[in-house]
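Residue numbering for the sequence shown follows the numbering used here, beginning at 1 and increasing consecutively.
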Amino acid sequence: MDSMERLRALLDQDRVRGPGDDSAGYLDLLPPDTRRPRNLAQAAMHNPLLAAVYQRWWRPAGAMLLGGGLPGGDGEARLARQALRLGGEQTVLDVACGPGNFTRGFGEALSGSGFAVGLDVSPPMLARAVRDNAHERVGYLRADARELPFADGTFDAVCCFAALYLVPEPFRVLDELMRVLAPGGRIALLTSVHAGPAPLHAVEDRIATLAGGRMFGRDEITGVLRDAGLVDVDQRVSGLAQFVSAGRVPA
């Protein structure tokens with residue numbers, strides 16, 4: 001099967017409305033988005049110019065602002081691959097994949113029937129992913145992360161970097177990420193976190209809100225993972241960023 005056939009084979013047809021459109025090189029399961037962006041972050045992520053410079057300029061600048069102690073660029077991708085323990089014939093989901101740099105790296109780390117799915121809601125980002133980061137073990141999908149079109153336990157590894165603090169209903173998204181994670185699977189997240197003393201949290205929240213994002217409490221993300229039964233929960237904080245990884249108990 002080619003990449004599109006493999007991607008379609010992973011879908012849970014009970015969660016999909018219609019066949020979708022794959023004419024642009026990625027599978028689009030959503031209607032055209034005619035709504036005006038609600039904030040600066042949404043406007044940016046749907047801008048073709050940002051998609052063109054996202055990985056080289058925007059993402060490193062954002063990583064520096066959030067937490068200079070975390071590795072950026074290729075180092076950030078290596079951190080994700082190591083946390084997910086990628087290799088072999090795993091199935092991987094990269095949520096908010098942007099232009100697909102991480103997704104392609106995930107596909108390159110696999111072998112045999114291994115396959116990586118890059119999911120995003122932004123057509124410009126996915127068009128860039130198809131153009132710059134196509135791979136035989138990679139497929140790209142436009143879908144809503146709040147309603148992932150996959151059955152429970154579909155993926156051996158799930159990644160969501162630099163997105164939870166931007167998306168509507170982040171905890172609903174997090175629940176979906178855990179739902180599709182298979183027994184024995186691994187999850188890796190990079191998102192915001194309150195870093196300063198409590199009196200400064202209101203200021204951090206205000207700045208994040210103005211940019212269209214949000215800040216998470218120190219134990220919010222890790223608490224959700226633990227409450228859901230995930231184990232080996234690890235959190236690394238640097239500046240206003242947190243890198244979190246965890247695993248699901250094997251069957």
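Each residue gets a CB set at the ideal place from its N, CA and C atoms; glycine is no exception.
Local Cβ density within 10 Å of residue i, reported as buried at 16 or more and exposed below that
| i | result |
| --- | --- |
| Pro19 | exposed |
| Gln242 | buried |
| Trp57 | With a pLDDT of only 49 at Trp57, under 50, the local geometry of the prediction cannot be trusted, and no value is derived from it. |
| Phe150 | buried |
| Phe106 | buried |
| Glu176 | buried |
| Phe102 | buried |
| Gln90 | buried |
| Glu147 | exposed |
| Ala128 | The displayed chain sequence assigns Arg, not Ala, to residue 128. Counting Cβ neighbours within 10 Å, Arg128 comes out buried, since at least 16 surround it. |
Test item: CB-CB of residue i and residue j under 8 Å
| i | j | result |
| --- | --- | --- |
| Gly185 | Ala157 | yes |
| Val130 | Val92 | no |
| Ala182 | Gly153 | yes |
| Cys159 | Asp94 | yes |
Coil, strand or helix - residue i by DSSP
| i | result |
| --- | --- |
| Arg92 | As written in the sequence, residue 92 is Val, which differs from the Arg given in the question. Three-state DSSP puts Val92 in a strand. |
| Val193 | coil |
| Leu11 | coil |
| Leu30 | coil |
| Arg218 | coil |
Residue from the options whose Cα sits closest to the Cα of residue i
| i | options | result |
| --- | --- | --- |
| Phe216 | Leu177, Tyr140, Arg236 and Ala195 | Ala195 |
| Ser23 | Leu148, Ala83 and Met4 | Met4 |
| Gly100 | Val193, Leu119, Ala83 and Gly213 | Leu119 |
| Val193 | Asp144, Gly239 and Leu11 | Gly239 |
| Phe171 | Leu79, Ile221, Glu76 and Pro32 | Ile221 |
Uninterrupted alpha helix (DSSP H) stretches inside the region 138 to 185 (no shorter than 4 residues): As far as the region 138 to 185 is concerned, its whole alpha helix (DSSP H) runs of at least 4 residues are 170 to 179.
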